[in-house]
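Before any comments, here is the structure.
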């Protein structure tokens, strides 16, 4: 998967998809990832910043059970990568 560093939000490939909890968030298990997008992952204590949340196009959450509602960022990405691979548009890109 190609990765690169961009310093301006405006230059990131759209849509911006944030892994974050929220009432409007769709479960990662049912979300179909597009072939081109930017995945936003916050840290496990504070999540995605409020500034970034104002910019994202979609919220996608990982269903969790119990009292804790966050995951380690690397673990969250690993779970997201697994789900991305299941999306029809991703099967040839991962």
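In my numbering, the protein residues as written are 121 to 214.
All residues carry an ideal CB built from backbone N, CA and C; glycine is no exception.
Bear in mind the structure is a predicted one, so any value in this text is a computation, not a measurement.
For residue i, three-class secondary structure by DSSP
i	result
residue 173	helix
residue 182	coil
residue 123	coil
residue 129	helix
residue 203	helix
residue 136	strand
residue 147	strand
Beta carbon of residue i nearer than 7 Å to that of residue j
i	j	result
residue 156	residue 133	yes
residue 135	residue 177	yes
residue 137	residue 180	yes
Cβ shell of residue i (< 7 Å), same chain only, five flanking positions each side left out
i	result
residue 182	139, 148, 191, 196 and 199
residue 164	190, 191, 192 and 193
Cut-off 8 Å between Cβ atoms - residues of its own chain near residue i, not counting five sequence neighbours on either side
i	result
residue 194	none
Cβ neighbours of residue i in the same chain (closer than 6 Å, five flanking residues each side left out)
i	result
residue 203	148
residue 158	132, 133 and 136
residue 151	180
Neighbour flag for residue i against chain C, beta carbons, 7 Å
i	result
residue 177	Note that chain C does not occur in the displayed structure, where there is just one protein chain.
Contact the region 161 to 170 vs the region 143 to 151: 3+ CB pairs below 8 Å: Fewer than three pairs of CB atoms, one per stretch, sit closer than 8 Å, so the region 161 to 170 makes no contact with the region 143 to 151.
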